[in-house]
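Numbered by the working numbering, the letters in the sequence shown go through residues 3 to 110 in order.
All residues carry an ideal CB built from backbone N, CA and C; glycine is no exception.
What follows is a short report on a single structure.
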Amino acid sequence: MADTKSGRAKQARSQERRRIERDMAEAVERGDEPEPDDDSPVECYRRKCRELAEFSVTERYQEETGKGAVEATALLCRPHAAEESPANLDAAYSGYVFRVEPLSDGSD
Ligand SMILES: [Zn+2]
């Protein structure tokens with residue numbers, strides 16, 4: 003048996019390799035979808051708004067039927083993100099989330 007230290011290093015290396023392989027696989031999968039993820043700018047999801055989205059607004063709540071959690075994400079320009087507020091507090095549960103995140107510009 004290898005000693006713990008080198009075993010761990012080896013494991014870390016193989017995990018790293020797996021992660022890179024997975025990232026590449028995901029990149030390939032993304033290739034045939036027009037997912038505007040990295041370099042193409044995304045327009046605000048609000049109708050009639052042609053501003054570029056700057057924030058991702060996510061709300062996770064329990065569906066009325068109680069069948070499970072629903073996660074709704076909208077990409078919004080700054081003014082529309084500022085207008086956004088929790089819309090499903092009636093359906094809040096222990097895992098309820100309302101989250102506003104700046105969209106990364108793909109540099110991280
Ligand atoms: Zn907008």
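Is there at least one Cβ from chain B nearer than 8 Å to alanine 84's Cβ?
Any reference to chain B falls outside this structure, which holds one protein chain only.
Between tyrosine 63 and asparagine 90, what straight-line distance do the alpha-carbon atoms span, to the nearest angstrom?
Position 61 of the sequence shown, counting from 1, holds the residue named residue 63. Position 88 of the sequence shown, counting from 1, holds the residue named residue 90. Roughly 7 Å separates the two Cα atoms.
Closer than 5 Å from C-beta to any heavy atom of ligand 1: which residues, in chain order?
Residues with a Cβ closer than 5 Å to any heavy atom of ligand 1, in chain order: Cys46, Arg48, Cys51, Glu53, Cys79 and His82.
Distance check for glutamate 53 and valine 72, CA to CA, integer angstroms please.
Taking the sequence shown and counting its residues from 1, the one referred to as residue 72 is at position 70. Taking the sequence shown and counting its residues from 1, the one referred to as residue 53 is at position 51. Each residue's alpha carbon lies about 27 Å from the other.
Applying the 10 Å Cβ sphere with the 16-neighbour rule, what's the burial state of glutamate 35?
For the purposes of this step, residue 35 is taken as residue 33 along the sequence shown, with counting starting at 1. Residue confidence for glutamate 35 is low, a pLDDT of 49 falling below 50, so the modelled location carries little weight; the figure read from the coordinates is stated next. Exposed, because fewer than 16 other Cβ atoms sit within 10 Å of the Cβ of glutamate 35.
Could you name the residues of the same chain whose beta carbon sits closer than 6 Å to that of valine 99, not counting the 5 residues immediately before and after it, in chain order?
Indexing the sequence shown from 1 puts residue 99 at position 97. The answer, listed in chain order, is Arg62.
What do you reckon, are the CB atoms on leucine 105 and glutamate 56 nearer than 8 Å?
Along the sequence shown, read from residue 1 onward, the residue named residue 105 stands at position 103. Along the sequence shown, read from residue 1 onward, the residue named residue 56 stands at position 54. Yes. Within cutoff.
For alanine 14, count the other beta carbons within 10 Å of its own beta carbon; 16 or more makes it buried, fewer makes it exposed. Which is it?
Looking up residue 14 in the sequence shown gives position 12. With fewer than 16 Cβ atoms within 10 Å of its Cβ, alanine 14 is classed as exposed.
Counting only runs that start and end within the stretch 81-108, where is the beta strand (DSSP E) found for 3 or more residues in a row?
Correct list: 99-104.
Note down the Cα distance separating alanine 76 from arginine 101, rounded to an integer number of angstroms.
Stepping through the sequence shown from its first residue, residue 76 is reached at position 74. Stepping through the sequence shown from its first residue, residue 101 is reached at position 99. If I take the Cα positions, the gap works out to 11 Å.
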